[in-house]
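If you're matching them up, the sequences are chains U and D in order.
Residue 135 in the working numbering is what sits at position 135 of the first sequence, and the numbering runs on without skipping anything.
Position in the second sequence (from 1) plus 273 gives the number in the working numbering.
Take a look at the structure set out below.
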Amino acid sequence: MPACIQTKKVSKIFGGLTAVNSVDVVVPENAIASIIGPNGAGKTTLFNCISGYYVPEHGEILFYDMPIQGQPTYEVATMGIARTYQNIRLFGEMTAIENIMVGQYPRFKAGWVDAILSTPRERSEEKQAVEEGRRLLKFVGLEGLGDSLARNLPYGAQRRLEIARALANKPRLLLLDEPTAGMNPQETEKMTHFIRSLRDELGITILLIEHDMRVVMGISDQITVLDYGTKIAEGKPKDIQSNQRVIEAYLGPDVTSLTQKYQLRKKQRYAKS
Amino acid sequence: MRSSAVDNGLRTGVTFGIVIVTMFLIGFTVTGAGLIGKLFGASDSATPSLMFYSLFMILIGMWAGASASPRPLTEADTFKRALISGLVAGLVSGAIAAVIGFIFGDLSANKIDPRTYLPSVSPDSIKLFLFNQTPLMGSLTLLALMTVSAAVSAALSFFFRSNHWLKNKSGETSNAARGFFQSAGLNRVLQSQYASYVFWAITAVVLIILPRVWGSYWNYVFGTVGIYIILGLGLNIITGWAGQLVIGYVAFFAIGAYTFALLTAPEPHHLTVNFWVALALGVLVAGISGLLIGLPILNLRGDYLAIVTLGFAEIIRILLKSDLMTDYTAGPRGIRDIGGPTILGKPFVSDVDFMYVIIVAVLAVTFIAHRLRNSRTGKAWFAINLDETVARATGINAFGSKLLALSLSAAVAGLAGALFASRNQFTGPDDHALMVSINVICLVIVGGIGNIPGVFLGAFALKGLPEILRETESYRLLIFGVLLVIMMRLRPEGFLPARRPELEKHAAQTPSGKEA
Numbered sequence: 001m002p003a004c005i006q007t008k009k010v011s012k013i014f015g016g017l018t019a020v021n022s023v024d025v026v027v028p029e030n031a032i033a034s035i036i037g038p039n040g041a042g043k044t045t046l047f048n049c050i051s052g053y054y055v056p057e058h059g060e061i062l063f064y065d066m067p068i069q070g071q072p073t074y075e076v077a078t079m080g081i082a083r084t085y086q087n088i089r090l091f092g093e094m095t096a097i098e099n100i101m102v103g104q105y106p107r108f109k110a111g112w113v114d115a116i117l118s119t120p121r122e123r124s125e126e127k128q129a130v131e132e133g134r135r136l137l138k139f140v141g142l143e144g145l146g147d148s149l150a151r152n153l154p155y156g157a158q159r160r161l162e163i164a165r166a167l168a169n170k171p172r173l174l175l176l177d178e179p180t181a182g183m184n185p186q187e188t189e190k191m192t193h194f195i196r197s198l199r200d201e202l203g204i205t206i207l208l209i210e211h212d213m214r215v216v217m218g219i220s221d222q223i224t225v226l227d228y229g230t231k232i233a234e235g236k237p238k239d240i241q242s243n244q245r246v247i248e249a250y251l252g253p254d255v256t257s258l259t260q261k262y263q264l265r266k267k268q269r270y271a272k273s
Numbered sequence: 274m275r276s277s278a279v280d281n282g283l284r285t286g287v288t289f290g291i292v293i294v295t296m297f298l299i300g301f302t303v304t305g306a307g308l309i310g311k312l313f314g315a316s317d318s319a320t321p322s323l324m325f326y327s328l329f330m331i332l333i334g335m336w337a338g339a340s341a342s343p344r345p346l347t348e349a350d351t352f353k354r355a356l357i358s359g360l361v362a363g364l365v366s367g368a369i370a371a372v373i374g375f376i377f378g379d380l381s382a383n384k385i386d387p388r389t390y391l392p393s394v395s396p397d398s399i400k401l402f403l404f405n406q407t408p409l410m411g412s413l414t415l416l417a418l419m420t421v422s423a424a425v426s427a428a429l430s431f432f433f434r435s436n437h438w439l440k441n442k443s444g445e446t447s448n449a450a451r452g453f454f455q456s457a458g459l460n461r462v463l464q465s466q467y468a469s470y471v472f473w474a475i476t477a478v479v480l481i482i483l484p485r486v487w488g489s490y491w492n493y494v495f496g497t498v499g500i501y502i503i504l505g506l507g508l509n510i511i512t513g514w515a516g517q518l519v520i521g522y523v524a525f526f527a528i529g530a531y532t533f534a535l536l537t538a539p540e541p542h543h544l545t546v547n548f549w550v551a552l553a554l555g556v557l558v559a560g561i562s563g564l565l566i567g568l569p570i571l572n573l574r575g576d577y578l579a580i581v582t583l584g585f586a587e588i589i590r591i592l593l594k595s596d597l598m599t600d601y602t603a604g605p606r607g608i609r610d611i612g613g614p615t616i617l618g619k620p621f622v623s624d625v626d627f628m629y630v631i632i633v634a635v636l637a638v639t640f641i642a643h644r645l646r647n648s649r650t651g652k653a654w655f656a657i658n659l660d661e662t663v664a665r666a667t668g669i670n671a672f673g674s675k676l677l678a679l680s681l682s683a684a685v686a687g688l689a690g691a692l693f694a695s696r697n698q699f700t701g702p703d704d705h706a707l708m709v710s711i712n713v714i715c716l717v718i719v720g721g722i723g724n725i726p727g728v729f730l731g732a733f734a735l736k737g738l739p740e741i742l743r744e745t746e747s748y749r750l751l752i753f754g755v756l757l758v759i760m761m762r763l764r765p766e767g768f769l770p771a772r773r774p775e776l777e778k779h780a781a782q783t784p785s786g787k788e789a
């Protein structure tokens, strides 16, 4: 299977801080891959490099074998990489369906002259845009809420609308930054199913950042672990769960010896009583 | 719950009482009554009749009542509560006015002239304030008038609001207003398709007839309003929609005016280009200058952009004024004898004719703005306005879009400038001071940023109203300032804030959207 997105020794440096240090990630087409790691590990920075918001100092980013590092954000988006944000960033003063229509922007061609003259192209594109917007609203379960302002939607609906906006450009790669943040277990469960259906039904490759381990272990085909900007582990969920370096990164380096000590003390106490 | 209705009325009443007393103390009661008299065609506005004064006070009372009536309407608001609010507001404001009126009436009766301390409170104005009655009877009349008018208007505004509210929440029952308005069927008439045709026909007739009948003075005033509408619509593109604060907008106005002037005036270049060609060139040059200015600066955001464009406007003005450019732009003297419009070789330059040119220009720019507003381009602008980073990440070339917005804005300003120069047959550096920019920004904000009807309203309020208020002479700017403050307090989003279209519902209604 060809690689959808591939980073080759990507580094991003802010002043003296190396936020992402020579990271290699390969996500095969039609996979669901996760990036995990403690806070400040450089996950979102890596996302920003892929989506073109940052230009990495070193390394290469290949999207279907095409180098995209250093390209303007809008070019990267037009090629078919869409993303959502850790803290939802919708166009709050626009209606839900308009948010989706903005997401469709690169797919249409009508310019300002078309708009003024109301050319056939303008009219047919506009009709198509609204129809597809309605279809996407239905797909993410927001039917009937299309004309409410995005900022007035409930939290879960905003998350789904943000994904709908990302889908509007028919992306080949979807970057999801903590899609289940702030959700209760039921909502998280629903979102997990939804993400899986994006891959299964629409054939979109998905790369996500997530802190909820149940979600990560449940849906990922592949997990990459970052710590202090460096990749410390990579593999299937099972491998990651038992990986010593990952446990240390999350719980501290002495965790094994600590557990042993604790168990020893417990035994002693039982022995005394 | 009743106490809150009383509270509400009390607060409004005190405010309006103070307003009435202040108006009385600065002599505005006489002026206001005179204005109303003028509206009804009375010749002498200096000594208005009692009837007009009563009308003036009734209007104030009704305003008090309307603002005391609960808003926004909730389930708990009943007709009784609205009436109580209005009644209390009228009583309180009337009482305050009555007490002051009684004191001054008594002073006046005892031959003490308050003009030593309050130059505007003449015996005549006191007499008028008390309806030409004795102090006691006069103040009681004032009290009664305020109470009745406030109560009536509170009741009326309750009916209007409850009707509006019912429209939003159909399915709720048990409200007297509902049956009243449904039987009237007013809404159905207003919402029918033919109503809009009739509306447009009336507007067209009015626009054709008005410039012929109301004289050159009003043609001048509304010509200026029209030019500011064009400027407002233009600025609205870059500032209202794309969200880039361009303070130096007047620069493009100047470029349009000077391009047109230099092409059609005998001095300094002996050019007499046809009006329409020169107009098109003015628009084009201004548009291109917008493009050129935008290239280096549109990567800046917010405050920086504002400052840079401010500098640009000043550079243009100072260049036009400088000796360096005298040979090319006639320097501080300005350019005289600028050409007027012609149609098929015939001059078309009377004030009436020029008003038509301005009306056509306003309609054309409005049409273009309307078409752009909800187009793909317009949505991209609005997305950049709301969150530029995200807009880029959804595939919008933010720089290109902003550049387009700025050039279109500049081109529209160029049109306004060319019309302005041609109408006045003169243009000089002082016509293009920064104040023009600030006025345009103000009118866009006052009207409701990003909204086309708002620009019209803002232009009328900021450029038309000061002329209409010219009668009131020294109070002109005071009233104007007060109106602005009140408006911004009541409607911080502008008078007619922008609304988003209902695309989902709309698509559901058309047959083509059904299968989606």
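Heads up, the beta-carbon is just placed ideally off N, CA and C, and yes, glycines get one too.
Keep in mind the model is a prediction, meaning the values are calculated, not measured.
Original post:
Under a CB-based cut-off of 8 angstroms, is residue 430/D close to chain U?
Top reply: It does not; no Cβ of chain U falls within 8 angstroms.
Original post:
Within 8 angstroms (strictly less), CB to CB, does residue 525/D reach chain U?
Top reply: Taking Cβ atoms only, chain U never reaches closer than 8 angstroms to residue 525/D, which makes this a no.
**OP:** Look up residue 226/U in the DSSP assignment and say whether it is helix, strand or coil.
**Re:** DSSP places residue 226/U within a strand segment (E or B) once states are collapsed to three.
**OP:** Measure the CB-CB distance between residue 666/D and residue 54/U and report whether it falls below 8 angstroms.
**Re:** Cβ distance not < 8 angstroms, so residue 666/D and residue 54/U don't count as in contact.
Original post:
How is the alpha helix (DSSP H) around residue 657/D delimited, first residue to last?
Top reply: For residue 657/D, the enclosing alpha helix (DSSP H) stretches over residues 649-659.
Subject >> Reduced DSSP category for residue 731/D - H, G, I as helix; E, B as strand; rest coil >> reply: Helix, per DSSP.
Original post:
So what does residue 274/U bridge to, in DSSP terms?
Top reply: Outside the displayed span of chain U (1 to 273) sits residue 274/U, for which this structure offers no information.
Subject >> Spatial neighbours of residue 494/D in its chain, beta-carbon cut-off 7 angstroms, leaving aside the 5 residues before and after >> reply: Residues 737, 740 of the same chain have their beta carbon placed closer than 7 angstroms to that of residue 494/D, with the five preceding and five following residues left out of the count.
Original post:
Can you name the residues of chain D whose CB is closer than 7 angstroms to the CB of residue 106/U?
Top reply: Those are 668, listed as they occur along chain D.
Original post:
Just reading off the alpha helix (DSSP H) that residue 260/D is part of, what are its end residues?
Top reply: Since the displayed chain D opens at 274 and closes at 789, residue 260/D lies outside it and no answer follows.
Original post:
What does residue 218/D touch in chain U if you count any residue whose Cβ is under 7 angstroms from its own?
Top reply: Given that chain D is displayed from residue 274 to residue 789, the structure contains no residue 218/D and the question cannot be resolved.
Original post:
For a contact meaning CB atoms closer than 8 angstroms, what does residue 559/D contact in chain U?
Top reply: The premise fails here: residue 559/D is roughly 17 angstroms from chain U at the closest Cβ pair, so nothing lies under 8 angstroms.
Original post:
Could you give the distance in angstroms between the alpha-carbon of residue 718/D and the alpha-carbon of residue 757/D?
Top reply: Each residue's CA atom was taken as its position, placing residue 718/D and residue 757/D some 11 angstroms apart.
Original post:
Can you find a C-beta in chain D that's less than 8 angstroms from the C-beta of residue 1/U?
Top reply: Chain D, which has no Cβ nearer than 8 angstroms to the Cβ of residue 1/U, makes this no.
Subject >> Reference residue 541/D, options 648/D, 381/D, 599/D, closest by Cα >> reply: Nearest C-alpha to residue 541/D: 599/D.
**OP:** Classify residue 38/U as helix, strand or coil using the three-state DSSP reduction.
**Re:** Coil at residue 38/U, not helix or strand.
**OP:** Report yes if the C-beta of residue 595/D is less than 7 angstroms from at least one heavy atom of the ligand NAP; otherwise report no.
**Re:** This structure lacks the ligand NAP, and indeed carries no ligand of any kind.
Original post:
So with Cβ pairs under 8 angstroms, would you call residue 649/D a contact of chain U?
Top reply: With 8 angstroms as the cut-off, residue 649/D counts as an interface residue toward chain U.
Original post:
When you compare each of 637/D, 679/D, 486/D, 310/D to residue 253/D by their alpha carbons, which one comes out closest?
Top reply: The structure shown does not extend to residue 253/D, since chain D is modelled only from 274 through 789, so no value can be given for it.
**OP:** Taking a Cβ distance cut-off of 7 angstroms, strictly less, list which residues of the stretch 93-118 of chain U are near chain D, in chain order.
**Re:** Along the stretch 93-118 of chain U, going in chain order, the ones with a CB nearer than 7 angstroms to a CB of chain D are 93, 94, 95, 97, 98, 101, 102, 103, 105, 106, 108, 110, 111, 112, 115, 116, 118.
Subject >> Given residue 775/D as reference, the closest of 24/U, 148/U, 48/U, 117/U once Cα atoms are compared >> reply: Nearest Cα to residue 775/D within the set 24/U, 148/U, 48/U, 117/U: 148/U.
**OP:** Report the residue from 661/D, 588/D, 368/D whose alpha carbon sits nearest the alpha carbon of residue 73/U.
**Re:** Considering only 661/D, 588/D, 368/D, the residue with the shortest C-alpha distance to residue 73/U is 661/D.
Subject >> Backbone CA spacing between residue 628/D and residue 305/D [nearest angstrom] >> reply: Rounded to whole angstroms, the gap between the alpha carbons of residue 628/D and residue 305/D is 31 angstroms.
**OP:** Between the Cα of residue 229/U and those of 3/U, 14/U, 5/U, spot the shortest distance and give me the residue it belongs to.
**Re:** Of the candidates 3/U, 14/U, 5/U, the one whose C-alpha sits nearest the C-alpha of residue 229/U is 14/U.
Original post:
What residues from chain D crowd round residue 214/U, counting only those whose CB sits closer than 9 angstroms?
Top reply: Those within 9 angstroms of residue 214/U in chain D number zero; the least Cβ separation is about 29 angstroms.
**OP:** Output, in chain order, the set of chain D residues within a Cβ distance shorter than 8 angstroms of residue 78/U.
**Re:** 668, listed in chain order.
Subject >> Run of the beta strand (DSSP E) containing residue 206/U, from where it starts to where it stops >> reply: Under the DSSP assignment, residue 206/U falls in the beta strand (DSSP E) whose first and last residues are 205-209.
Original post:
Can we say the stretch 684-692 of chain D touches the stretch 128-138 of chain U, given the rule of at least three CB pairs closer than 8 angstroms?
Top reply: In short, these stretches do not touch, since the Cβ pair count stays below three.
Subject >> Residues that residue 769/D contacts on chain U, provided the C-beta gap is smaller than 9 angstroms >> reply: Residues of chain U passing the Cβ test: none, with the nearest at roughly 16 angstroms.
Original post:
Between residue 44/U and the rest of its own chain, which residues show a CB-CB distance below 7 angstroms, the 5 nearest in sequence each way excluded?
Top reply: The answer, listed in chain order, is 86, 177, 209.
**OP:** Can you grab the Cα-Cα spacing for the pair residue 520/D / residue 771/D, in whole Å?
**Re:** Cα to Cα, the separation comes out at about 21 angstroms.
Original post:
In chain U, which residues lie with their C-beta within 8 angstroms of the C-beta of residue 684/D?
Top reply: Within 8 angstroms Cβ-Cβ: nothing; residue 684/D doesn't reach chain U, min ~11 angstroms.
**OP:** Going by DSSP, name the residue or residues bridged to residue 149/U.
**Re:** DSSP, once it has assigned bridges, lists 95/U as partnering residue 149/U.
Subject >> For residue 334/D, the nearest candidate out of 754/D, 287/D, 303/D (CA to CA) >> reply: Nearest C-alpha to residue 334/D: 287/D.
Original post:
When the cut-off is 8 angstroms and only beta carbons count, does residue 53/U lie next to chain D?
Top reply: Interface residue, yes.
**OP:** Please list the partners that residue 656/D has in chain U, where partner means a Cβ-to-Cβ separation under 7 angstroms.
**Re:** Near residue 656/D (Cβ distances below 7 angstroms), the residues of chain U are 91, 102.
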